[in-house]
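J.:
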Amino acid sequence: MSGSEGGMKNKLFLGIDLGTSHTAVMSNRGKKFLLKSVVGYPRDVIGLKLLGRPYVVGDEAFEMRSYLELRYPLQDGVLSELSDRDLQVARHLLTHVIQQAAPQEGDEINAVIGVPARASGANKSLLLKMAHEVVNTALVVSEPFMVAYGLDKLVNALIIDIGAGTTDICALKGTVPAPEDQVTLTKAGNYVDERLHNALIERHPELQINTNVACSVKEMFSFVGPVTAPAIAEFRAGGKPVQCDVTEPVRVACESLMPEIIESIEGLLRTFQPEYQSTVLKNIVIAGGGSRIRGIGTYIEEKLRAYGEAKVTCVGDPTFDGCRGALRLAEELPPQYWSQLGDVAGG
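Using the numbering used here, you'd call the opening residue of the sequence shown number 6 and step up by one each time.
#1: Pick from Lys-36, Thr-189, Pro-323: whose alpha carbon is nearest that of Leu-156?
#2: Once DSSP output is grouped into helix, strand and coil, what is the label at Phe-226?
#3: State buried or exposed for Met-151, treating a residue as buried only when at least 16 other CB atoms are found within 10 Å of its CB.
#4: How many Å lie between Pro-184 and Val-146 at the Cα?
#5: Which class does Ala-124 belong to by DSSP, given the choice of helix, strand or coil?
#6: Locate the alpha helix (DSSP H) running through Glu-271, then write down its first and last residues.
#7: Are the CB atoms of Glu-148 and Gly-327 within a distance shorter than 8 Å?
#8: Can you tell me whether Glu-113 is buried or exposed? The criterion is at least 16 other CB atoms within 10 Å of its CB, across all chains shown.
#9: Are Tyr-77 and Ser-125 closer than 8 Å when you measure CB to CB?
#10: Near Val-285, what residues of its chain come up, given a Cβ to Cβ distance below 7 Å and the 5 sequence neighbours on each side ignored?
#11: From Arg-333 to Val-62, what distance separates their C-alpha atoms?
#12: Taking only the alpha-carbon atoms, compute the straight-line gap between Arg-256 and Ser-296 and give it to the nearest angstrom.
#13: Could you say which of Ser-227, Gln-213, Ala-234 lies nearest to Gly-243 if we only look at CA atoms?
#14: Within the chosen definition, does the segment 216 to 233 reach the segment 173 to 189 through at least 3 CB pairs nearer than 8 Å?
#15: Are there any heavy atoms of the ligand GTP lying less than 7 Å away from the beta-carbon of Ala-311, as far as the coordinates show?
#16: Starting from Phe-38, trace the beta strand (DSSP E) both ways and give me its first and last residue.
#17: Quick check on Val-160: does DSSP put it in helix, strand or coil?
#18: What residue range does the alpha helix (DSSP H) around Asp-173 cover?
#19: Closest to Ala-331 by CA distance: which of Cys-319, Gly-347, Val-317 is it?
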């Protein structure tokens, strides 16, 4: 897209954390918002009459899901490449995100966009091509690197970003992380929802439950490690409210993430120089929605005990710490240097 001619353009910087279930955005003008990464289309002519427009994006689409076909364009945190329809859905989402950032006429829009750590080159190219339709310059970087940049954790640190579609783990060594410094696991929040949903149906077949309900239970009670208090959730059975103890299913579902996370931490730890490994162990940060799992820091510390004393902390703002780091990067590093950090379109 082109900016206004003549004079200096106003620069609008955006940090965008593009996630499987939610997208978080911050701008250099104080704009800050979160929306569901979903686009809704009317199922039939009745839905079109109720909606009054061709499609709707975000939380509004989810609330109207009874008469809309919901499409999530980010499968496991990356754009689907299956069909022109999938690309159109992604385009609708991205266009809406930029519009919500309230650009002014003549703005030069520069966006740093976070994607899973090991997203393919083809997928990044697809995203950049689409982003360049609505912004002047776009940089794609890994989501854990965005978090690290915002927290000044750029050397001798490990970032574990547990989202909905992916868990990304990144080793920070004072340079832009190379592919071998990053791991992407497809077991993340959505995987926990599915495990919990199946476990509850198996234990209580009378319950009326879907993955949305299971996700709500997870968000309310998620924990790993020792049980500190029973988790009692309310459900519907035959249309009537019932209460069930979900403590054990929640624990088992949440802990299903941990073996691969621990294994990945151990593998990345060994890639640091031996004299730095004890420092790295004390500099492990958990980000993303998974950082809200109760007891996760202590759990990982215990599992790493054989390597020495570990210190695991959780970010203060799991929703916005990623895009906050992306915005900080966008503001501190002029766009002409962005190509040194990752894939760029425009500039």
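Using N, Cα and C, we set each Cβ at its ideal position, and we do this for glycine too.
T.: On the basis of the coordinates in this document:
#1: Position 151 of the sequence shown, counting from 1, holds the residue named residue 156. Taking each of Lys-36, Thr-189, Pro-323 in turn and checking the Cα distance to Leu-156, the smallest one comes out for Pro-323.
#2: Here residue 226 refers to the residue found at position 221 of the sequence shown. Phe-226: helix per DSSP, three-state reduction.
#3: Counted from its first residue, the sequence shown places residue 151 at position 146. Answer is buried; the Cβ neighbour count reaches 16.
#4: Locating residue 184 in the sequence shown gives position 179, where the first residue counts as 1. Locating residue 146 in the sequence shown gives position 141, where the first residue counts as 1. One C-alpha to the other measures close to 12 Å.
#5: Start at 1 with the first residue of the sequence shown, and residue 124 comes out as number 119. Three-state DSSP puts Ala-124 in coil, outside helix and strand.
#6: Taking the sequence shown and counting its residues from 1, the one referred to as residue 271 is at position 266. Bounds of the alpha helix (DSSP H) holding Glu-271 are 263 to 274.
#7: Position 322 of the sequence shown, counting from 1, holds the residue named residue 327. Position 143 of the sequence shown, counting from 1, holds the residue named residue 148. It is a contact, given that the beta carbons lie within the stated cut-off.
#8: Counting from 1 along the sequence shown, the entry for residue 113 is found at position 108. Classification of Glu-113: buried, given that the 10 Å Cβ count is 16 or more.
#9: The count along the sequence shown starts at 1 and reaches residue 77 at position 72. The count along the sequence shown starts at 1 and reaches residue 125 at position 120. Cβ distance not < 8 Å, so Tyr-77 and Ser-125 don't count as in contact.
#10: Locating residue 285 in the sequence shown gives position 280, counting from the first residue. Within its own chain, the residues whose Cβ lies closer than 7 Å to the Cβ of Val-285, once the five positions on either side in sequence are excluded, are Asn-161, Ala-162, Leu-163, Leu-274, Phe-277, listed in chain order.
#11: As a position in the sequence shown, residue 333 is number 328, starting the count at 1. As a position in the sequence shown, residue 62 is number 57, starting the count at 1. When rounded, the separation of the alpha-carbon atoms in Arg-333 and Val-62 is 27 Å.
#12: One-based indexing of the sequence shown puts residue 256 at position 251. One-based indexing of the sequence shown puts residue 296 at position 291. C-alpha separation (whole angstroms): 15 Å.
#13: Mapped onto the sequence shown, residue 243 falls at position 238. Across the set Ser-227, Gln-213, Ala-234, the C-alpha of Gln-213 shows the shortest separation from the C-alpha of Gly-243.
#14: No: fewer than three Cβ pairs fall under 8 Å.
#15: In the structure shown, the ligand GTP is absent, as is every other ligand, since no ligand is present at all.
#16: As a first step, residue 38 must be located in the sequence shown, where it is residue number 33. Run containing Phe-38: 37 to 41, per the beta strand (DSSP E) assignment.
#17: Your numbering for residue 160 matches position 155 in the sequence shown. If DSSP states are grouped into helix, strand and coil, Val-160 belongs with the strands.
#18: Taking the first residue of the sequence shown as position 1, residue 173 is located at position 168. No alpha helix (DSSP H) contains Asp-173, which is instead part of the beta strand (DSSP E) from 172 to 178.
#19: Locating residue 331 in the sequence shown gives position 326, counting from the first residue. It is Gly-347.
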